[in-house]
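A.B. asks: Position 336 of the sequence shown, counting from 1, maps to 336 under the numbering used here, and the rest follow consecutively. Dumping the structure here so I can ask a few things about it.
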Amino acid sequence: MQSWRASLLRFDPDGQALFDEDGLLVVGPNAEGRQVVLAAGAHAALAAQYADVPCTHLPGRILAPGFVDLHIHYPQTDVIGSPAEGLLPWLEHYTFPHEAQFADEAHAASVARFFCDELLRNGVTTSLTFSTSHVPSVNALFAEAQRRHMRLITGKVLQDRHSPDGVRDDTEQSLIDTEALIQQWHGVDRLGYAITPRFAPSCTEAQLRGAGELAAQYPDVWVQSHVAENLDEVAWARALFPDSRSYLAIYADHGLMRPRAVYAHCIHFDDDDRRLMRDTRTAAAVSPTSNLFLGSGFFDFAAADRVGFLPPGRPKAETAPSGGSGPREAGERGGMLYGLASDVGGGTSFSPFVTMRAAYFTGRAATTGFAAKPGISLAPEKLWWLHTAGAARALDLEGVIGNLQPGCEADFVVLNPAATPLLARRTSQADSLAELLFALIVLGDDRVVEQTVISQAQ
Ligand code: GUN
Ligand code: ZN
Numbered sequence: 001m002q003s004w005r006a007s008l009l010r011f012d013p014d015g016q017a018l019f020d021e022d023g024l025l026v027v028g029p030n031a032e033g034r035q036v037v038l039a040a041g042a043h044a045a046l047a048a049q050y051a052d053v054p055c056t057h058l059p060g061r062i063l064a065p066g067f068v069d070l071h072i073h074y075p076q077t078d079v080i081g082s083p084a085e086g087l088l089p090w091l092e093h094y095t096f097p098h099e100a101q102f103a104d105e106a107h108a109a110s111v112a113r114f115f116c117d118e119l120l121r122n123g124v125t126t127s128l129t130f131s132t133s134h135v136p137s138v139n140a141l142f143a144e145a146q147r148r149h150m151r152l153i154t155g156k157v158l159q160d161r162h163s164p165d166g167v168r169d170d171t172e173q174s175l176i177d178t179e180a181l182i183q184q185w186h187g188v189d190r191l192g193y194a195i196t197p198r199f200a201p202s203c204t205e206a207q208l209r210g211a212g213e214l215a216a217q218y219p220d221v222w223v224q225s226h227v228a229e230n231l232d233e234v235a236w237a238r239a240l241f242p243d244s245r246s247y248l249a250i251y252a253d254h255g256l257m258r259p260r261a262v263y264a265h266c267i268h269f270d271d272d273d274r275r276l277m278r279d280t281r282t283a284a285a286v287s288p289t290s291n292l293f294l295g296s297g298f299f300d301f302a303a304a305d306r307v308g309f310l311p312p313g314r315p316k317a318e319t320a321p322s323g324g325s326g327p328r329e330a331g332e333r334g335g336m337l338y339g340l341a342s343d344v345g346g347g348t349s350f351s352p353f354v355t356m357r358a359a360y361f362t363g364r365a366a367t368t369g370f371a372a373k374p375g376i377s378l379a380p381e382k383l384w385w386l387h388t389a390g391a392a393r394a395l396d397l398e399g400v401i402g403n404l405q406p407g408c409e410a411d412f413v414v415l416n417p418a419a420t421p422l423l424a425r426r427t428s429q430a431d432s433l434a435e436l437l438f439a440l441i442v443l444g445d446d447r448v449v450e451q452t453v454i455s456q457a458q
């Protein structure tokens, strides 16, 4: 057993933030020998019971759950900041040529090493990650994450059409490879497999159908893809699948919407799409830096919460928009699940602080004219929850990662709220938890993350 004494941030089951100014985090092995949280709370309340446990005292620091990134592409580490008119030219000119290099396992392994370093340097302890269409790219990332004992989810990208030579795969072989990779890696140590159709326009009907069959056959495997990111992409998907009610419905029609399915972006939705997300317990990976960078549009937090909120006893009723005040409204009581994601390399930063900041800005942005909607001010506790415990809930891993409640795997970060002169000045004047978290969200980056601790197995 081991303990840490510092300020301590965690979340209750309603998503409300709990903060102990002088907290104690006690970590020790569970029945399987994995390091988990044994106790968390006020130092004064716990110190006597754990007096014999070695304690690391970190005055002025904050212990917080490791961040969970709901959508990121490790092969796009070197694509960050590539300029393009929008999503489709960006894929064609930068992304596909870069990804073609991942047929080479040595190249994949070297990028996987850098990628995991960068996740941990930024305090990200779990990510739902795209590899490429090449089997060696998947093996390289799983091997690297396994070496570091990380809980990480990835899968081979499926793209058997509208993709250039070098990344396009073969329908039948892609499904054989997917099943073999599931059997090789899913559930090994802390690794999880995600069935990964790139997006509907890059997959034939047969490939999507095969992916859906695997999703039914392996219900505890994840599913990840993209949807409704960009208006040109939406029009293309609708033209390719005219029988589906909407772009999102293409995935439902192929058995690809269910718990543990996570779709990046979910911008150009109507309320029927949001209800479909809610009713199938499918989650959205909100990717604000990517949406800003590629000019895709903004996720509508208020609409997601409006459709998401199911008052007790009125299962089909809907309420007015919440204004995004607290986590309570999001992804609960059967509501629409969503959490935050970097979407590197469309996204511009590995840092959860940058992503939370961009989520705040995009929530703020009002639109005028036909699609008029008021901007909302997302609460800092909610932004933080959406990148930790809320993201874990979206992955169906609530109580496993993303929190520091007893039983959770001991993945956590040590944050320095005085990491820069301006942060030190601003956070020292914070009069509430909301002010402290908001100062970190607005001013923070990798310099705030002093240490990232990954749960070890014995
Ligand atoms: N849609 C299909 N592929 C991609 C990708 O790699 N990045 C983003 N942002 N959108 C996509
Ligand atoms: Zn993406």
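We treat Cβ as the ideally placed atom computed from N, Cα and C, and that holds for glycine. Computed from a prediction, not measured in an experiment: that's the story for all the values here.
Please list, in chain order, all residues of the same chain as Pro13 whose beta carbon is under 8 Å from its beta carbon, the five residues on each side excluded.
C.D. replies: Once the five neighbours on either side are set aside, Pro13 has no close Cβ partner at all.
A.B. asks: Does DSSP put Val400 in a helix, in a strand, or in coil?
C.D. replies: It is coil, neither helix nor strand.
A.B. asks: Between Ala64, Ile62, Asp22, Pro83, which lies nearest to Gly347 when the distance is taken from Cα to Cα?
C.D. replies: Out of Ala64, Ile62, Asp22, Pro83, Pro83 has the C-alpha closest to the C-alpha of Gly347.
A.B. asks: To the nearest angstrom, how far is it from the Cα of Trp385 to the Cα of Leu158?
C.D. replies: Cα to Cα, Trp385 sits roughly 31 Å from Leu158.
A.B. asks: Locate the beta strand (DSSP E) running through Glu450, then write down its first and last residues.
C.D. replies: Counting along the chain, the beta strand (DSSP E) containing Glu450 begins and ends at 449 to 453.
A.B. asks: I'd like to know if the region 448 to 456 and the region 46 to 55 are in contact, where contact means that at least 3 CB-CB pairs between them fall below 8 Å.
C.D. replies: Contact between the region 448 to 456 and the region 46 to 55 is absent, because fewer than three Cβ pairs lie under 8 Å.
A.B. asks: Any chance the CB of Asp343 is under 7 Å from a heavy atom of the ligand ZN?
C.D. replies: Yes, Cβ of Asp343 sits closer than 7 Å to a heavy atom of the ligand ZN.
A.B. asks: Roughly how many angstroms lie between the CA atoms of Ala410 and Val124, to the nearest whole one?
C.D. replies: The straight-line gap from Cα to Cα measures roughly 13 Å.
A.B. asks: Could you check what DSSP says for Ala304 in three-state terms: helix, strand or coil?
C.D. replies: Ala304: helix per DSSP, three-state reduction.
A.B. asks: Reducing DSSP to helix, strand and coil, say where Thr289 ends up.
C.D. replies: Note: Thr289 maps to helix in three-state DSSP.
A.B. asks: Distance, Cα to Cα, Leu91 vs Ser174?
C.D. replies: Taking the straight line joining both Cα atoms gives about 21 Å.
A.B. asks: Within the present structure, is the beta-carbon of His43 separated from the nearest heavy atom of the ligand SAH by less than 7 Å?
C.D. replies: Ligands present in the displayed structure are limited to the ligand GUN and the ligand ZN, and the ligand SAH is not among them.
A.B. asks: Identify which residue in Pro242, Ser287, Gln183, Asn30 has its Cα closest to the Cα of Ser505.
C.D. replies: Any question about residue 505 goes unanswered here, given that the chain covers just 1 to 458.
A.B. asks: I'd like to know whether the C-beta of Phe11 is nearer than 8 Å to at least one C-beta of chain C.
C.D. replies: Although the question refers to chain C, the structure presented lacks it and comprises just one protein chain.
A.B. asks: Report whether the distance from the Cβ of Gly346 to the nearest heavy atom of the ligand GUN is below 7 Å.
C.D. replies: Within the cutoff, so yes.
A.B. asks: Along the chain, which unbroken stretches of the beta strand (DSSP E) at least 3 residues long are found entirely within the region 196 to 282?
C.D. replies: Counting whole runs of 3 or more residues, the region 196 to 282 contains the beta strand (DSSP E) stretches 222 to 227, 261 to 265.
A.B. asks: Identify whether Pro59 lies in helix, strand or coil by the three-state DSSP scheme.
C.D. replies: Reduced to three states, the DSSP call for Pro59 is strand.
A.B. asks: Looking only at its own chain, which residues have a Cβ that is under 7 Å from the Cβ of Ala394, when we skip the five neighbours before and after it?
C.D. replies: The answer, listed in chain order, is Leu70, Val262, Ala283, Gly331, Leu337, Tyr338, Gly339.
A.B. asks: So if DSSP puts Phe353 in a beta bridge, which residue, or which two residues, is it bridged to?
C.D. replies: DSSP lists no partner for Phe353.
A.B. asks: Determine which residues share a DSSP beta bridge with Arg34 and list them.
C.D. replies: For Arg34, which the question treats as bridged, DSSP gives the partners Ala457.
A.B. asks: By DSSP, does Tyr74 sit in helix, in strand, or in coil?
C.D. replies: Residue state, collapsed to three classes: helix.
A.B. asks: Of the residues Val307, Ala264, Met277, Asp279, which one's Cα is nearest the Cα of Phe298?
C.D. replies: Of the candidates Val307, Ala264, Met277, Asp279, the one whose C-alpha sits nearest the C-alpha of Phe298 is Ala264.
A.B. asks: Can you check which of these residues, Phe96, Cys55, Thr154, Asp270, is closest to Ala112 by C-alpha distance?
C.D. replies: Per the Cα distances, Thr154.
A.B. asks: Which residue's Cα is closest to the Cα of His387: Gly192, Leu378, Gly402?
C.D. replies: His387 has its Cα closest to that of Gly402, out of Gly192, Leu378, Gly402.
A.B. asks: If we ignore side chains and look at the alpha-carbon of each, how far apart do Gly212 and Phe96 end up?
C.D. replies: Going by the C-alpha atoms only, they are around 24 Å apart.
A.B. asks: Short of 6 Å in beta carbon distance, which residues of its chain neighbour Asp22, apart from the five on each side in sequence? Order them along the chain.
C.D. replies: Only His43 meet the Cβ criterion.
A.B. asks: Is the Cβ-Cβ distance between Ser349 and Ile72 less than 8 Å?
C.D. replies: Cβ atoms of Ser349 and Ile72: not closer than 8 Å.
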